[in-house]
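To keep things clear, I will list the structure first and then write my remarks on it.
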Amino acid sequence: MIKVGINGFGRIGRAIFRNNLNKEFFQVVAINDINPDNNNIAYTLNFDTLYDRLDNAFKVDGDNLVSADGSHKIALSHERSVADVDWKSHGVDFVIDASGVYQNVLDAQKVIESGQAKKVFVTHSPKNVDFTMVLGANEHLLDVEKHHVISTSICDATAIAPVTKAIKQTFGIEHGYATTLHPWLNYQNLMDGPASSWSVPGEIYHHFALGRSSIGNMIPKPTSAITATCTVLEEEGITEEIIGSFSYRTPTAIVGSADLTFHISEKAQTKDVLDLFEKMESSQQWPIVHNNWEPLVSLDFKKADYAAVIDHRWTNVLQGHMLKLVLWYDNEWGYAARVLDQIKLVEEKLG
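Residues in the sequence shown are numbered consecutively from 1, following my numbering.
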């Protein structure tokens, strides 16, 4: 089993860790986080408001996390840069950078160059990576011989890109628009104030509305969802000149949604679209899409393992060309599941 180190043990880092506890795709042997309190790291792992407590809880033993049954022992460190961690001493094959800090993307190249790890996976969609991958969209372009720092993109694109590709290849897309609804994130405020970036510490977001109270407000804001989607669908000719985007940051804790409207090239009926996604789900290699007709609400999709659940109560084609789709996705758990799948894919390709 390959050995993995996690840099940044916040919401996504812990979601990846918990997801892997269930699936055992790899062995986590080292965790680096700037939180200096090992006991607090154990506490935030063991108890989670959204995903409940761990059955096999972890405790601190010196500079290690140890599971209650003794099956897991994980070294802890507190370096600010991913490049300053001695990953090699722990036998790490791959590093997952879930810190969200842009400087760590740049430093990831140092991890590769110094031989500290074979690959670094970055859990957002920055520039300065070798390849950005979304399963169901562009994994066929992965070249493990030259792609060493790999972006696993973002939760929105992980959901939107495979669906958009399927529509584009089947019906063609003239133009479209995506509106996403995204739960609050850690950097937002309980009370009004400036919104400080985690990606670039010390920087204040120029979109001042993001600094308003996250409780009780729907905050309209720009989104990188379509930028990230276009990055992985360049081969399909999908660009931001064709598809626009907009987002609401919602006063909810988990589960995102995307409202997609496409003007499709070929005339179609709603049944044609339903048939497309039923075939897609039955033949897919990974749990990318799931079709839903139940009268569900957002929290019903919490801990959904799929990249996107298509809510077909709202699937509709008007006048043969105007297509409406609604997607749901657990922006932590569903995204983390695809990170695991990407790591397994790269491992298989490396042999």
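Idealized CB from N, CA, C, for every residue including glycine.
This one's a predicted model, so the numbers in the text were calculated from it and none came from an experiment.
Quick one: measure Cβ to Cβ for residue i and residue j, integer angstroms, because I've assumed they're closer than 8 Å.
i, j, result
"Val289", "Tyr306", "6 Å"
"Gln342", "Phe121", "7 Å"
"Phe262", "Gly176", "4 Å"
"Lys118", "Asp93", "5 Å"
"Asn56", "Ala68", "5 Å"
"Gln188", "Ser214", "4 Å"
"Met218", "Pro194", "Wrong, their Cβ atoms sit about 20 Å apart, outside the cutoff."
"Ile6", "Ile96", "5 Å"
"Asp330", "Lys349", "Actually they are not in contact, since the Cβ atoms of Asp330 and Lys349 sit about 27 Å apart, beyond 8 Å."
"Leu345", "Val273", "Not confirmed; about 28 Å, so no contact."
"Trp333", "Ala15", "6 Å"
"Ser153", "Val232", "6 Å"
"Leu50", "Phe17", "About 14 Å; that fails the 8 Å criterion."
"His182", "Gly256", "5 Å"
"Ser125", "Ala228", "4 Å"
Might you give, ordered along the chain, the residues of its own chain that have their beta carbon closer than 6 Å to the beta carbon of residue i, omitting 5 neighbours on each side?
i, result
"Thr180", "Asp156, Thr223, Ala225, Ser247, Ala258"
"Val309", "His290, Asn292, Phe301, Trp328"
"Gln116", "Trp87, Lys88"
"Ile112", "His148"
"Ser77", "Asn32, Val85"
"Glu174", "His263, Ser265"
Leaving out five residues before and five after residue i in sequence, what residues of the same chain have Cβ atoms less than 7 Å from its Cβ?
i, result
"Asn20", "Phe26, Val28, Leu340"
"Glu79", "Asn32, Val85"
"His321", "His263, Ile264, Lys267"
"Lys221", "His207, Ala209, Leu210, Ser247, Arg249"
"Thr170", "Leu276"
"Asp192", "Gly211, Arg212, Ser213"
"Ala109", "Here the sequence assigns Gln to residue 109, which means Ala is not the residue at that position. Here the set comprises Val149."
"Ile34", "His78, Arg80"
"Glu234", "none"
"Asn39", "Val60"
"Gly216", "Pro251"
"Met280", "Ala166, Val289"
"Gln285", "none"
Cα-Cα, which of the options is closest to residue i?
i, options, result
"Pro36", "Asp63, Glu266, Trp333", "Asp63"
"Met311", "Leu296, Met322, Leu318, Gln319", "Correcting the residue identity first, residue 311 is Asp in this sequence and not Met. The residue with the shortest Cα to Cα distance from Asp311 is Leu296."
"Cys230", "Ala83, Met191, Ile243", "Ile243"
"Ala42", "Asp52, Lys59, Ala30", "Lys59"
"Ile254", "Ala337, Lys168, Leu299, Val346", "Leu299"
"Pro287", "Ile6, Thr158, Gly13", "Thr158"
"Thr239", "Phe47, Glu281, Lys279, Ala178", "Ala178"
"Glu145", "Leu260, Lys168, Asp130", "Asp130"
"Leu141", "Leu190, Gln284, Ile173, Glu236", "Glu236"
"Asp48", "Val66, Ser282, Ile12", "Ile12"
"Asn138", "Pro126, Ala166, Ser114, Glu203", "Ala166"
"Thr123", "Gly351, Arg338, Glu347", "Arg338"
"Asn22", "Glu203, Ala336, Gly351", "Ala336"
"Glu294", "Arg313, Gln285, Met280, Glu241", "Arg313"
"Glu347", "Pro126, Ser114, Asp143", "Asp143"
"Leu260", "Leu65, Lys168, Arg53, Leu185", "Lys168"
"Ile24", "Leu65, Ser71, Val66", "Note on residue identity: the sequence assigns Glu, not Ile, to residue 24. The residue with the shortest Cα to Cα distance from Glu24 is Ser71."
Kindly list the residues whose CB is nearer than 8 Å to the CB of residue i, restricted to its own chain and excluding five residues on each side of it in sequence; keep chain order.
i, result
"Leu106", "Asn128"
"Asn316", "Thr270, Leu323, Lys324"
"Ser283", "none"
"Lys186", "It is Asn, not Lys, that sits at residue 186 in the sequence shown. Around Asn186: Gly10, Arg11, Trp198."
"Arg53", "Asn46, Phe47"
"Leu190", "Ser213, Ser214, Ile215"
Within 8 Å (strictly less), CB to CB, does residue i reach chain B?
i, result
"Trp328", "Absent from the structure: chain B. Only one protein chain is present."
Would the beta-carbon of residue i be found less than 7 Å away from any heavy atom of the ligand SAH?
i, result
"Gly193", "Looking at this structure, you won't find the ligand SAH or any other ligand, since it has none at all."
(request) Taking 8 Å as the threshold, find out whether the stretch 158-167 comes into contact with the stretch 125-138 through three or more Cβ pairs. (result) yes
(request) Taking 8 Å as the threshold, find out whether the stretch 182-200 comes into contact with the stretch 96-113 through three or more Cβ pairs. (result) yes
(message) Ignoring anything shorter than 4 residues, give me the alpha helix (DSSP H) runs that lie fully in the stretch 187-241, in order along the chain.
(response) 225-232
(request) Pick out the complete alpha helix (DSSP H) segments inside the stretch 38-74, 4 residues or longer, and give them in chain order. (result) 38-46
(message) Report the start-end ranges of each beta strand (DSSP E) in the stretch 261-307 that is 3 residues or longer and not cut off at the edges.
(response) 289-292
(request) For the stretch 92-157, list the alpha helix (DSSP H) runs that are entirely contained and at least 4 residues long, ordered along the chain. (result) 102-113
(request) List in chain order: all unbroken alpha helix (DSSP H) runs of 4+ residues lying wholly within the stretch 318-343. (result) none
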